[in-house]
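Chemist: In our numbering, the protein residues as written are 161 to 505. The C-beta atom is built at its ideal place from N, Cα and C for all residues, glycine as well.
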Ligand code: FAD
Ligand code: EPU
């Protein structure tokens with residue numbers, strides 16, 4: 161059975177019945193139809209940077225390598241049509257060499273361009289939704305593609321329609337980005353606030369984002385991981401006020417981000433860190449020392465060890481703060497995705 165280890169960034173040992181890399185829509189559709197004919201489950205992967213394999217996958221993994229970027233422009237905007245298998249970070253780098261600005265805050269996010277809409281990737285004050293014009297989708301049963309506008313994608317924090325209505329039987333084949341020529345830097349996050357908005361260049365923002373990320377996020381080639389393991393929890397203002405009181409009692413300031421609907425987003429990494437879990441280990445699965453929201457594979461961790469660690473973290477944080485963390489990472493069982501909430505409860 162072919163080995164999935166090189167096809168996902170947690171680098172956990174797992175196998176699949178078949179792994180097929182596809183470069184064209186025809187190959188993609190053929191691979192899917194062949195699997196259907198054999199009654200085998202299928203799983204589409206980009207770069208596997210947001211998945212955790214719990215066990216061997218008893219089906220066909222289709223690795224999306226649809227390449228190609230086209231660019232057009234008018235007076236006000238650059239328009240990019242990016243095929244889904246393009247590497248996201250390479251796209252960001254390439255755009256800057258073309259003097260197309262706006263993607264720099266999303267530098268160094270692993271994964272494919274076609275995966276970006278699924279959880280509406282975000283970092284340093286920018287989300288994919290801010291740049292998205294449309295997402296192109298293949299309906300595998302009808303063998304037809306259609307486009308959804310950004311609004312139709314129902315983007316939210318680490319959310320979109322691709323985790324719900326278009327989760328099964330649909331593949332994202334391309335994304336359309338619309339980037340204004342009237343570029344304004346987004347400098348609201350961390351050390352980016354120190355830049356002068358009048359003089360800063362997109363390349364400087366890009367370099368600083370890369371620097372911050374490299375200083376705290378583990379390189380998956382060194383320590384297998386899937387980025388933030390949990391989402392940052394969003395709580396009511398009442399619950400936040402109670403947590404704030406609790407934190408103040410311990411002379412702590414709780415990082416928080418007020419949301420437009422009055423709720424408050426907390427930093428899961430801070431909550432985990434306050435439970436003294438940095439470096440905590442179950443088997444070869446561990447909490448990253450520099451960023452507690454990232455779980456790492458110290459060598460030959462199993463999916464079960466990562467799950468046991470995630471469960472322990474979830475229970476410890478809930479006991480200390482009354483907040484139940486939800487996984488951001490997608491859990492893959494032998495027949496396909498399984499409910500993360502249930503796995504770590
Ligand atoms: P995969 O992991 O291959 O797939 C993710 C899910 O989407 C799976 O369920 C898969 O079946 C499905 N899927 C993949 N491709 C398609 C397709 N074409 N059509 C339909 N379904 C598909 N995320 C952020 O938002 N912000 C960050 O700052 C960030 N930092 C990270 C840092 C590190 C070190 C790592 C390892 C991850 C980080 N992530 C971050 C998470 C990850 O980079 C994103 O979720 C990324 O978009 C995943 O892309 P992928 O191609 O690897 O998706
Ligand atoms: N913090 C700690 N200890 C830790 C980790 C964080 O105290 O171990 C504190 C930090 O000091 C800071 C706050 O928590 O005050 C937030 O930390 P950070 O800026 O590192 O960001 P994050 O909330 O942990 C989120 C995203 C990242 C994204 C960064 C930058 C989620 C789940 N994660 O992380 O996305 O890169 O912001 O915008 O929203 C991902 O999704 O995989 C991911 C890496």
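(1) If you measure from the CB of residue 270, is any heavy atom of ligand 1 nearer than 6 Å?
(2) Comparing alpha-carbon positions, which option in 430, 386, 250 lies nearest residue 463?
(3) For residue 413, which option in 285, 427, 395, 191 has the closest C-alpha, if you only look at C-alpha atoms?
(4) For the beta strand (DSSP E) holding residue 493, just list the boundary residues, first then last.
(5) Give me the Cα-Cα distance between residue 373 and residue 306, rounded to the nearest whole angstrom.
(6) List, from N- to C-terminal side, the alpha helix (DSSP H) runs of 4 residues or more that fit wholly inside the segment 297 to 383.
(7) Which residues in the same chain have their Cβ closer than 6 Å to the Cβ of residue 267, if we skip the five residues on either side of it in sequence?
(8) Return the first residue and the last residue of the alpha helix (DSSP H) that residue 217 is part of.
(9) Have a look at the DSSP bridge pairing and note the partners of residue 394.
(10) May I ask you to verify whether the segment 173 to 191 touches the segment 217 to 226, counting CB pairs closer than 8 Å and requiring at least 3?
(11) Any chance the CB of residue 281 is under 6 Å from a heavy atom of ligand 1?
(12) Taking DSSP's pairing of strands, which residues face residue 213 in a bridge?
(13) I'd like the span of the beta strand (DSSP E) that includes residue 483, first residue to last.
(14) Whole angstroms are fine: how far does the CA of residue 182 sit from the CA of residue 196?
(15) Kindly indicate the opening and closing residues of the alpha helix (DSSP H) around residue 504.
Modeler: Answer, in terms of the structure:
(1) yes
(2) 386
(3) 427
(4) 490 to 493
(5) 35 Å
(6) 362 to 376
(7) 252, 366, 369, 370
(8) Per DSSP, residue 217 belongs to no alpha helix (DSSP H); it is in the beta strand (DSSP E), 217 to 224.
(9) 425
(10) yes
(11) yes
(12) 492
(13) Counting along the chain, residue 483 falls outside any beta strand (DSSP E), and DSSP gives it neither H nor E.
(14) 17 Å
(15) 500 to 504
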